[in-house]
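J.:
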Amino acid sequence: VQLQASGGGLVQAGGSLRLSCRASGGNMFRFNVMGWYRQAPGKERELVASITRDGSTNYGDAVRGRFSISRDVPRKMVSLQMDDLEPGDTAVYYCNVIASPWEREFWGQGTQVTVSS
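Numbering (my numbering), first residue to last: 164 to 280.
1. On the DSSP letters alone, give me the boundaries of the beta strand (DSSP E) that residue 255 sits inside.
2. Assign residue 172 to one of three DSSP states: helix, strand, or coil.
3. Based on the DSSP secondary-structure assignment, which residues constitute the bridge partners of residue 221?
4. Give me the Cα-Cα distance between residue 192 and residue 277, rounded to the nearest whole angstrom.
5. So, under 8 Å CB-CB, residue 188 and residue 247 are touching, yes? Tell me the CB distance rounded to an integer number of Å.
6. Buried or exposed: where does residue 265 fall if 16 or more other Cβ atoms within 10 Å of its Cβ makes it buried?
7. Given a threshold of 16 other Cβ atoms within 10 Å of its Cβ, counted over all protein chains shown, does residue 271 qualify as buried or as exposed?
8. In the DSSP assignment, what residue or residues form a beta bridge with residue 233?
9. Specify, as a first and last residue, the run of the beta strand (DSSP E) that residue 180 falls within.
10. Between residue 203 and residue 254, which are expected to be in contact by the criterion C-beta below 8 Å, what is the C-beta distance as a whole number of angstroms?
11. Applying the 10 Å Cβ sphere with the 16-neighbour rule, what's the burial state of residue 166?
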């Protein structure tokens, strides 16, 4: 399985960005959960948001109310709409998939999001 993320960049505080991730390959897998994590310099990787096949969502406390996750199950895509961005959102954002069987976990290569004050 390969995860290709796009949409990162530089934005001013209060602005918006939209990240997208497309999965390819892995026809033997069922993608159960798709989501986004982020890692800022010197910090641990943390959950941003995740979404199940039936649309149930989970958000990290720091982004709840500002970010919105969605997915296109047939196209194996997940998107993250990020609004009202803050400098604290600056990080490398990673696409993540948990697939069955075996609850295999896959990671994308990461895309940089930088929010200037």
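All residues carry an ideal CB built from backbone N, CA and C; glycine is no exception.
T.: The answer reads as follows:
1. Looking at the DSSP string, the run of the beta strand (DSSP E) that includes residue 255 is 254 to 263.
2. Strand at residue 172.
3. DSSP output for residue 221 lists 213 as bridge partner(s).
4. Separation of residue 192 and residue 277 (C-alpha to C-alpha, rounded to the nearest whole angstrom) is 33 Å.
5. The pair is not a contact, with the Cβ atoms about 35 Å apart (cut-off 8 Å).
6. Looking at its Cβ environment, which holds fewer than 16 other Cβ atoms inside 10 Å, residue 265 is exposed.
7. Buried.
8. Beta-bridge pairing by DSSP links residue 233 to 242.
9. Per DSSP, residue 180 belongs to the beta strand (DSSP E) from 180 to 187.
10. Taking a contact as a CB-CB distance under 8 Å, the pair residue 203 and residue 254 counts as one, their CB atoms being some 4 Å apart.
11. Taking a 10 Å sphere around the C-beta of residue 166, we find 16 or more other C-beta atoms and assign the residue as buried.
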